[in-house]
Amino acid sequence: VSDEKDARGYLQALASKMTEELEALRNSSLGARATDMPWKMRRFAKLDMSARLELQSALDAEIRAKQAIQDELNKVKASCISTECKLQESEKKNMELLADIERLKKETEELRSEKGVKHQDSQNSFLAFLNAPTSALDQFERSPSCIPANKGRRVTDHPPRSIHTPTMRTAYVGSGLSAPKPKAHQFVVKSFNTPTKCNQCTSLMVGLIRQGCTCEVCGFSCHVTCADKAPAVCPIPPEQTKGPLGIDPQKGIGTAYEGHVRVKFIFLKVPKPAGVKKGWQRALAVICDFKLFLYDVAEGKTSQPSVVVSQVIDMRDEEFSVSSVLASDVIHANRKDIPCIFRVTASQLSASSNKCSILILADGENEKSKWVGVLNELHRILKKNKLKDRSVYVPKEAYDSTLPLIKTTQSAAIIDHERIALGNEEGLFVVHVTKDEIIRVGDNKKVHQIELIPSEQLIAVISGRNRHVRLFPMAALDGRETEFYKLAETKGCQSIVSGHVRHGALTCLCVAMKRQVLCYELNQSKTRHKKIKEIQVQGNVQWMSIFSDRLCVGYQSGFLKYPLHGEGSPYSLLHPDDHTLSFISQQPTDAICAVEISNKEYLLCFSSVGVYVDCQGRRSRQQELMWPATPSSCCYNAPYLSVYSENAIDIFDVNSMEWIQTIPLKKVRPLNTEGSLNLLGLETVRLIYFKNKMAEGDELVVPETSDNSRKQMVRNINNKRRYSFRVPEEERMQQRREMLRDPEMRNKLISNPTNFNHIAHMGPGDGIQILKDLPMNLRPQESRTVFSGSVSIPSITKSRTEPGRSMSASSGLAARSSAQNGSALRREFSGGSYGAKRQPMASPSDGSLSSGGLDQGSDAPTRDYEREDSDSPRHSTASNSSNLSSPPSPVSPHKTKSLSLESSDHVSWDS
135 VSDEKDARGY LQALASKMTE ELEALRNSSL GARATDMPWK MRRFAKLDMS ARLELQSALD
195 AEIRAKQAIQ DELNKVKASC ISTECKLQES EKKNMELLAD IERLKKETEE LRSEKGVKHQ
255 DSQNSFLAFL NAPTSALDQF ERSPSCIPAN KGRRVTDHPP RSIHTPTMRT AYVGSGLSAP
315 KPKAHQFVVK SFNTPTKCNQ CTSLMVGLIR QGCTCEVCGF SCHVTCADKA PAVCPIPPEQ
375 TKGPLGIDPQ KGIGTAYEGH VRVKFIFLKV PKPAGVKKGW QRALAVICDF KLFLYDVAEG
435 KTSQPSVVVS QVIDMRDEEF SVSSVLASDV IHANRKDIPC IFRVTASQLS ASSNKCSILI
495 LADGENEKSK WVGVLNELHR ILKKNKLKDR SVYVPKEAYD STLPLIKTTQ SAAIIDHERI
555 ALGNEEGLFV VHVTKDEIIR VGDNKKVHQI ELIPSEQLIA VISGRNRHVR LFPMAALDGR
615 ETEFYKLAET KGCQSIVSGH VRHGALTCLC VAMKRQVLCY ELNQSKTRHK KIKEIQVQGN
675 VQWMSIFSDR LCVGYQSGFL KYPLHGEGSP YSLLHPDDHT LSFISQQPTD AICAVEISNK
735 EYLLCFSSVG VYVDCQGRRS RQQELMWPAT PSSCCYNAPY LSVYSENAID IFDVNSMEWI
795 QTIPLKKVRP LNTEGSLNLL GLETVRLIYF KNKMAEGDEL VVPETSDNSR KQMVRNINNK
855 RRYSFRVPEE ERMQQRREML RDPEMRNKLI SNPTNFNHIA HMGPGDGIQI LKDLPMNLRP
915 QESRTVFSGS VSIPSITKSR TEPGRSMSAS SGLAARSSAQ NGSALRREFS GGSYGAKRQP
975 MASPSDGSLS SGGLDQGSDA PTRDYEREDS DSPRHSTASN SSNLSSPPSP VSPHKTKSLS
1035 LESSDHVSWD S
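In this note's numbering, each number is its position in the sequence shown, counted from 1, plus 134.
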């Protein structure tokens, strides 16, 4: 005990001593911290000072850099001011030089008119390219293998059939000098049988008839508009007729090169290797007015080309290019021909992948290099001179060509920015181009023509086998149930047109039937129409339109205007006393269309030529509109006239009479009067929309699809657009009744499931347990079988179920409602069929419920079907018959995709 006390005392003393030492240490440390404070402050002060010095140096460097930039800026300003001064001086000199050039031009013109000499300005003749010693054209002038440059300048080279027009006979007098007056030309309008160049401007005289005029004395041939500029000397000295070939780069007129070649048309988008294999077509090629003209030539040494242009390629096209070809490009051509072949490419549709390409076979390798050189040099000059692109329309694909309705389309109309009305073999449809929704309007009768009448909220169509006119309210275009009005007297109708009379107070609908036109007033009465007039026409009605209270009717070789309200006699737009128009009646020609340019002037388009007349029917312009090829139809969208022919659509400005654009699409047919919707009838029938670049807004909003997605639409059937058809309620009810009566019909109506990835769904409760207990005999050798949605259900017990009993009835599942799990159709399994064949089985998926096939695209909710016990397949009960109509197999003829069941292996169940 005493030892313990001693130890405790010792420990207490030790603890107290340690406590004292600890206190002393703590006190000494506090004292030290107080003494260290000035050292830390000195350290922080040093750090602050160094940071301040760094910032100061950075600031100095920035100030110096700014000063250097300011100095440079001052220098640039000074140089800019001096450059501006120099520019002003050079502009003054330029103006003076231009004035000198104008003065010299006037002097040369005066000298020419005094001497009566025709000579073209050398600078306009193909610029520096023509003056080069190795120029293709210099070689062309010397080359005997090509057409001589002066061939075609004499009318005697091309013996034409002449049409004499006495009023066109004009005398051109000299410039009134004291010397004896030279003889004047005796010009007469002429029709040429072969392509002929104008001797004045060297451009081709395009047209089917009356392409230009010829002097009867010396044979000088030129355009009607060039006759005033022709040399006043008659006959013209032979050396003066050989003006150089070339194109004026400012005006874009003239012929640069010509020669016989062989051509083959191919399309890059749909290549046809068999095309070259079949051989080559002889053609005359002419480079004129920055265009490449091709005229077909029949086989044979003496055969001459026709005046009908087979193909025109405009060099102003953004996609225009000329190149040689490789052996891989023309795999079916002869090996010796490959060095002589070159390719000319231009755009066909707006999509970059759609290019039209022409393969051209020249007479030799040198000839090919000349053609490629001339075309490339001309294209370079065109770009350099920046001749503006005068094109008006950009063709676009209006809708996916895989839609079956497009193939049989007869007519169409643009309802608004997003909707198109299509009339085809199966009836009238409204296509919503952005929503991919299609609405059927009316019955299934074939629709021949559509006429929208927005002022009366009506749409008139020619439909049915007997071609009756029917009127539909505009509300029908939204899918609403409305009644239509049939015009009983219009059997055998050919065309319809609507318009306003009495300054818009009255809307008229005119119906053409052979030589008769019935006129109806559209009103708000019960039948919406009232017959007001019946007009008898001299010939079969070929075209008609309403111009300012009068009906203009076109028939063979003539146009007549009839008053629509009140009495009055019709008058002809071709005045019988005007002899310059007598050629139209002498040669029967079809009336294609008429255009009202103003109250005082009309353009009358016939199948051979277009003539301008005043309101009395007398010729108003000496020049006529010339068609490059035989027109099939014309469309007018002010101020542009679209002329459709077999190989292209040519666009003319009716005011300036210029041929401003050629769209190189073959077999195109207009579907509406403006020509904005067209049907392209190639291998894939396409609906084409012509977007007007000059218009302020788009008439139709075409959904942009990339080339890749468009290719997929065509090639891969699984990537097609899904179209939804809106079906009226009455038709839907009728479908349901038919479905219940006819099991086959029911199979067709129920849609195939999509996203099908489970074997069977037996419903809640006992069904799931039964499914778990099913024996599964998996055959390893069949594990690679393609499992395409049709599933066989294994037998429930080892012994076969009794024939005639249904599986759902024996398991007590028939009484269960399938509404709990969202299924739209009760599954019924016929046990008797397991031994013989597999039982197909459908399941609902998020994409398509089984009952969804009753009305595809319908917005009606599922609960509507639950209410109707008698009409709904949902409430069908199990039957004892062994041939129940089972739900349709998900196997589709288009879809053979393998479906995975939670794993990558494909399994097959043994029944």
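All C-beta atoms, glycine included, are put in the ideal place defined by N, C-alpha and C.
* Should HIS357 be labelled buried (16 or more other beta-carbon atoms within 10 Å of its own) or exposed? -> Residue mapping note: residue 357 aligns to position 223 of the sequence shown, counting from 1. That one is buried.
* To do: Verify whether the separation of the beta carbon atoms of ALA546 and ASN771 is less than 7 Å.
  => Start at 1 with the first residue of the sequence shown, and residue 546 comes out as number 412. Start at 1 with the first residue of the sequence shown, and residue 771 comes out as number 637. Cβ atoms of ALA546 and ASN771: not closer than 7 Å.
* To do: Could you spell out the range, first to last residue, of the alpha helix (DSSP H) harbouring ILE540?
  => Position 406 of the sequence shown holds residue 540. Boundaries cannot be given for ILE540, as no alpha helix (DSSP H) includes it and DSSP labels it neither H nor E.
* What does TRP677 pair with, by DSSP beta-bridge criteria? -> As a first step, residue 677 is located in the sequence shown; it is residue number 543 there, counting from the start. In DSSP, TRP677 forms a bridge with GLY688.
* To do: Measure the beta-carbon distance from ALA728 to TYR736 and round it to whole angstroms, keeping in mind my assumption that it falls under 8 Å.
  => The count along the sequence shown starts at 1 and reaches residue 728 at position 594. The count along the sequence shown starts at 1 and reaches residue 736 at position 602. Indeed, because the Cβ distance is near 6 Å, the residues count as touching under 8 Å.
* How big is the Cα-Cα spacing for THR796 and GLU865? -> Here residue 796 corresponds to residue number 662 of the sequence shown, with the count starting at 1. Here residue 865 corresponds to residue number 731 of the sequence shown, with the count starting at 1. Between THR796 and GLU865, the alpha-carbon positions lie close to 47 Å from each other.
* With a CB to CB cut of under 6 Å and the five nearest residues on each side skipped, what residues in its chain are close to HIS663? -> By 1-based counting over the sequence shown, the position of residue 663 is 529. The answer, listed in chain order, is TYR654 and LEU656.
* Asked: Hey, how far is the Cα of ILE494 from the Cα of MET828?
  -> The residue you call residue 494 lines up with position 360 of the sequence shown. The residue you call residue 828 lines up with position 694 of the sequence shown. Cα to Cα, ILE494 sits roughly 34 Å from MET828.
* Assuming LEU611 contacts VAL645 under a Cβ cut-off of 8 Å, what Cβ separation, rounded to an integer in Å, is found between them? -> What you label residue 611 is simply residue 477 of the sequence shown in a count that begins at 1. What you label residue 645 is simply residue 511 of the sequence shown in a count that begins at 1. Rounded to the nearest angstrom, the Cβ distance from LEU611 to VAL645 is 22 Å, too far for a contact under 8 Å.
* To do: For THR818, I'd like the list of residues in its chain whose CB is within less than 6 Å of its CB, leaving aside the five on either flank, ordered along the chain.
  => For the purposes of this step, residue 818 is taken as the residue at position 684 of the sequence shown. So the qualifying residues of the chain are SER535.
* To do: Find out if the Cβ-Cβ distance for the pair PHE681, GLU730 is shorter than 7 Å.
  => Within the sequence shown, residue 681 is the residue found at index 547, counting from 1. Within the sequence shown, residue 730 is the residue found at index 596, counting from 1. Result yes, Cβ atoms of PHE681 and GLU730 sit closer than 7 Å.
* **Contacting residues, own chain, Cβ-Cβ under 7 Å from PRO369 (five flanking each side not counted)** => To locate residue 369, count along the sequence shown from 1; it is residue 235. Excluding sequence neighbours, PRO369 sits near VAL351 and CYS352.
* **Neighbour-count burial assignment, HIS319, 16 or more Cβ in a 10 Å radius** => Within the sequence shown, residue 319 is the residue found at index 185, counting from 1. Result: buried.
* **First and last residue of the uninterrupted beta strand (DSSP E) at PHE606** => Residue 606 sits at position 472 when you count from the first residue of the sequence shown. Boundaries of the beta strand (DSSP E) harbouring PHE606: 602 to 607, taken from the DSSP string.
* At what residue ranges does the segment 580 to 665 contain a whole run of the beta strand (DSSP E), taking only runs of 3 or more? -> Listed in chain order, the complete beta strand (DSSP E) runs (minimum 3 residues) inside the segment 580 to 665 are 581 to 587, 592 to 597, 602 to 607, 619 to 621, 629 to 635, 640 to 647 and 650 to 656.
* Short check: CB of CYS739 to CB of CYS769, under 7 Å? -> What you label residue 739 is simply residue 605 of the sequence shown in a count that begins at 1. What you label residue 769 is simply residue 635 of the sequence shown in a count that begins at 1. Cβ atoms of CYS739 and CYS769: not closer than 7 Å.
* Quick one: using the 10 Å Cβ neighbour count with 16 as the cut-off for buried, is ASP205 buried or exposed? => As a first step, residue 205 is located in the sequence shown; it is residue number 71 there, counting from the start. Taking all protein chains in view, the Cβ of ASP205 is surrounded by fewer than 16 other Cβ atoms within 10 Å, so the residue is classified as exposed.
* To do: Check LYS827 in the structure and name its three-state DSSP category.
  => Against the sequence shown, residue 827 aligns to sequence position 693. Secondary structure of LYS827 (DSSP, three-state): coil.
* Assign LYS317 to one of three DSSP states: helix, strand, or coil. => For the purposes of this step, residue 317 is identified with residue 183 of the sequence shown, where counting begins at 1. Of the three classes helix, strand and coil, the one that applies to LYS317 here is coil, per DSSP.
* Asked: So does the segment 747 to 754 actually touch the segment 696 to 716, counting three or more Cβ pairs closer than 8 Å?
  -> Enough Cβ pairs lie closer than 8 Å, so yes.
* Asked: Would ASN551 be called buried (16 or more neighbouring beta carbons within 10 Å of its own) or exposed?
  -> Residue numbering aside, residue 551 sits at position 417 when the sequence shown is read from its first letter. This sequence places His at residue 551; Asn is not what is there. For HIS551, the number of other beta carbons within 10 angstroms of its own is below 16, and it is reported as exposed.
* Hey, out of PHE424, GLN868, MET678 and LYS625, whose CA is closest to ASP523's CA? -> What you label residue 523 is simply residue 389 of the sequence shown in a count that begins at 1. With distances taken between Cα atoms, ASP523 lies closest to PHE424.
* **First through last residue of the alpha helix (DSSP H) which encompasses GLU1077** => Nothing about residue 1077 can be reported from this structure: the residues present for the chain run from 135 to 1045 only.
* Asked: Any idea if GLY143 is buried or exposed, counting beta-carbon neighbours within 10 angstroms, 16 or more meaning buried?
  -> Walking along the sequence shown from the start, residue 143 turns up at place 9. Answer is exposed; the Cβ neighbour count stays below 16.
* Asked: Exposed or buried, which one is THR153 when buried takes at least 16 other CB atoms within 10 Å?
  -> On the sequence shown, residue 153 is found 19 positions in, with the first residue counted as 1. Under this definition THR153 is an exposed residue.
* **Endpoints, the alpha helix (DSSP H) within which ILE785 is located** => Residue numbering aside, residue 785 sits at position 651 when the sequence shown is read from its first letter. Taken as a continuous stretch (DSSP letters only), ILE785 belongs to no alpha helix (DSSP H), being part of the beta strand (DSSP E) at 783 to 787.
* Considering only the beta carbon of each residue, do THR723 and SER742 sit closer than 7 Å? -> One-based indexing of the sequence shown puts residue 723 at position 589. One-based indexing of the sequence shown puts residue 742 at position 608. Yes, they are a contact pair.
* Does DSSP put LEU821 in a helix, a strand or coil? -> Against the sequence shown, residue 821 aligns to sequence position 687. Three-state result, LEU821: strand.
* **Best match in GLN672, GLN482 and GLU501 for proximity to CYS474 [C-alpha to C-alpha]** => Working through the sequence shown from its first residue, we reach residue 474 at position 340. Checked all of GLN672, GLN482 and GLU501; the closest Cα to CYS474 is GLU501.
* In its own chain, which residues sit with a C-beta less than 8 Å from the C-beta of PRO765, not counting the 5 before and 5 after it? -> Counting from 1 along the sequence shown, the entry for residue 765 is found at position 631. Within the same chain, PRO765 has close Cβ partners ILE726, CYS739, SER741, VAL777, TYR778 and SER779.
* To do: Could you pull the start and end residues of the alpha helix (DSSP H) that PHE354 belongs to?
  => By one-based count along the sequence shown, residue 354 stands at place 220. DSSP places PHE354 in no alpha helix (DSSP H); its state is neither H nor E.
* Do LEU698 and VAL635 have their C-beta atoms within less than 7 Å of each other? -> Counted from its first residue, the sequence shown places residue 698 at position 564. Counted from its first residue, the sequence shown places residue 635 at position 501. Going by C-beta atoms, LEU698 is nearer than 7 Å to VAL635.
* Could you tell me if THR330 is buried or exposed, where buried requires 16 or more neighbouring beta carbons within 10 angstroms of its beta carbon? => Along the sequence shown, read from residue 1 onward, the residue named residue 330 stands at position 196. Result: buried.
* Asked: How big is the Cα-Cα spacing for GLY692 and ILE343?
  -> Indexing the sequence shown from 1 puts residue 692 at position 558. Indexing the sequence shown from 1 puts residue 343 at position 209. Taking the straight line joining both Cα atoms gives about 17 Å.
* Asked: For SER444, does the count of other Cβ atoms within 10 angstroms reach 16, so buried, or fall short, so exposed?
  -> On the sequence shown, residue 444 is found 310 positions in, with the first residue counted as 1. Classification for SER444: buried.
* To do: Please name the residue or residues paired with GLY744 in a DSSP beta bridge.
  => For the purposes of this step, residue 744 is taken as residue 610 along the sequence shown, with counting starting at 1. CYS739 and LEU759, per the DSSP bridge assignment.
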